[in-house]
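Notes for the one structure printed next.
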Amino acid sequence: MLSKTRAIVLGSVKIKDNTLVLHLYTEEYGRCSYLLFGAQSKRGGKKTAFIQPLSLVEIEAEHRVNRDLQKIKEMKMDTPINDILFNPYKNAIAFFLSEVLYNVLKMSEKDEALFLFVHNSIRYLDTIKNGISNFHIAFLVKLSFFLGLWPDIDRLTHYPYFDLKQASFVQTKPFHSSYIETGRSPILQYITRINYRNMHLFRFSRNERNELIEKMIEYYRLHTQSIGDLKSLAVLKEVFD
0 MLSKTRAIVL GSVKIKDNTL VLHLYTEEYG RCSYLLFGAQ SKRGGKKTAF
50 IQPLSLVEIE AEHRVNRDLQ KIKEMKMDTP INDILFNPYK NAIAFFLSEV
100 LYNVLKMSEK DEALFLFVHN SIRYLDTIKN GISNFHIAFL VKLSFFLGLW
150 PDIDRLTHYP YFDLKQASFV QTKPFHSSYI ETGRSPILQY ITRINYRNMH
200 LFRFSRNERN ELIEKMIEYY RLHTQSIGDL KSLAVLKEVF D
């Protein structure tokens, strides 16, 4: 059955000269994979502009239950993104966040609230002038709410350690390395305070930003068990060095 839906591009893989597998997060069907034919032909030349990471598109596709690869019949731009494509900082963020989303979003799970959050966040990233270097940090913090990963922060000022595995503050030092010592690192204070409205006010050093991102990815990795090595992370660190 043919149906239309808005979608967010998470990635693509070329399997033939003019055929791509697109990994999309859709409004109606959750995360799905699609075959896109003629992507690099003369007639389909414009499609290449639609498949950049975090592009916002609308597709008409044939969806069949229990089929791993759905087929796209038509695809057009839903909301044009311009600055993300040409701004090297925003482009690095887009590649990083698309890789994170590809790993953490589950196949075929519709979540309208999550879709709207990601969709609106991409539009916001495309327009902002200030706080760009902290956007991905604020995004990952907010994303944790939608994925049910937001930690127990009730004892923020009382306990000296935050156990990443337990997602809570503890009185004694854990017997593993996945923890944050609250007295030596301001990471948790940053995480509990930063958002899109105030992210431009945070001034992180290179080491602080790298530690913050690494701990957040470690936290996601522990609680989703779906994030491997992120190739885009090294590029992101280099861009904001």
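Residue numbering for the sequence shown follows numbering that gives the first Met the number 0, starting at 0 and increasing by one per position. Cβ coordinates follow ideal geometry from the N, Cα and C atoms, glycine included.
At which residue ranges does the region 7 to 40 contain complete beta strand (DSSP E) runs of 3 or more residues, listed in the order of the chain? 18 to 25, 29 to 36
Note down the Cα distance separating Ala137 from Glu210, rounded to an integer number of angstroms. 15 Å
For Leu142, the first and last residue of its enclosing beta strand (DSSP E): No beta strand (DSSP E) contains Leu142, which is instead part of the alpha helix (DSSP H) from 134 to 145.
Residues near Leu148 by beta carbon distance below 6 Å, same chain, minus five either side: His222
Are Val56 and Asp82 touching if we call contact CB-CB under 8 Å? no
Spatial neighbours of Gln69 in its chain, beta-carbon cut-off 6 Å, leaving aside the 5 residues before and after: Cys31, Tyr33, Ala60, His62
Taking the C-alpha atoms as reference points, what is the distance between Leu35 and Lys72? 8 Å
Do we get a CB-CB distance below 8 Å when we pair Phe49 with the residues of chain C? Among the chains in the structure shown there is no chain C, since it carries only a single protein chain.
Can you grab the Cα-Cα spacing for the pair Pro159 / Pro185, in whole Å? 12 Å
Between the alpha carbons of Asn90 and Leu53, how many angstroms are there, rounded? 10 Å
Integer Cβ distance of Tyr101 from Leu23, believed to fall under 8 Å: With 8 Å as the limit, Tyr101 and Leu23 do not qualify as a contact, their Cβ atoms being about 10 Å apart.
Secondary structure at Ala93, three-state DSSP: helix, strand or coil? helix
With 16 as the cutoff for other CB atoms within 10 Å, does Pro150 come out buried or exposed? buried
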